[in-house]
Amino acid sequence: MVIALQIVLVLSCLLMTMFVLLHKGKGGGLSSLFGGGVQSNLSGSTVVEKNLNRMTVLMAIIWVACIIGLNLIQVYAT
Numbered sequence: 001m002v003i004a005l006q007i008v009l010v011l012s013c014l015l016m017t018m019f020v021l022l023h024k025g026k027g028g029g030l031s032s033l034f035g036g037g038v039q040s041n042l043s044g045s046t047v048v049e050k051n052l053n054r055m056t057v058l059m060a061i062i063w064v065a066c067i068i069g070l071n072l073i074q075v076y077a078t
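For the sequence shown, the positions run 1 to 78 when UniProt numbering is used.
This is how it looks when you write it as structure tokens:
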């Protein structure tokens, strides 16, 4: 059980990192430093951006659940 949770934790961490890096810059901060702030937003969020947001939130929930599960296993195993 512990190994399965650890594998899911690593996979969700990698996927969440990938999804966060796929988001487009909103201006200001480091994205505008490299020319990302020059682009204009035409119509707000697209369907792809909304789905990317949902997948990022889902990966974050899975990641937190794995951390809590591993912590509970560690507390009650001793």
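A virtual CB, placed ideally from N, CA and C, is assigned to each residue, including glycine.
Nothing here was measured: the structure is a model prediction, and the numbers come from that model.
According to DSSP, simplified to helix, strand and coil, what is residue i?
{"i": "residue 79", "result": "The structure shown does not extend to residue 79, since the chain spans only 1 to 78, so no value can be given for it."}
{"i": "residue 17", "result": "helix"}
What whole-angstrom Cβ distance do residue i and residue j have, given they're in contact under 8 angstroms?
{"i": "residue 52", "j": "residue 15", "result": "About 11 angstroms separates the two Cβ atoms, so there is no contact after all."}
{"i": "residue 70", "j": "residue 11", "result": "About 14 angstroms separates the two Cβ atoms, so there is no contact after all."}
Give the straight-line distance between the Cα atoms of residue i and residue j, rounded to the nearest whole angstrom.
{"i": "residue 74", "j": "residue 46", "result": "42 angstroms"}
{"i": "residue 65", "j": "residue 54", "result": "17 angstroms"}
{"i": "residue 77", "j": "residue 24", "result": "43 angstroms"}
Quick one: does residue i have its CB under 7 angstroms from some CB of chain C?
{"i": "residue 23", "result": "Chain labels in this structure do not include chain C; a single protein chain is all it has."}
Enumerated in chain order, which unbroken segments of the beta strand (DSSP E) with a length of 3 residues or greater are wholly contained in the region 44–76? none
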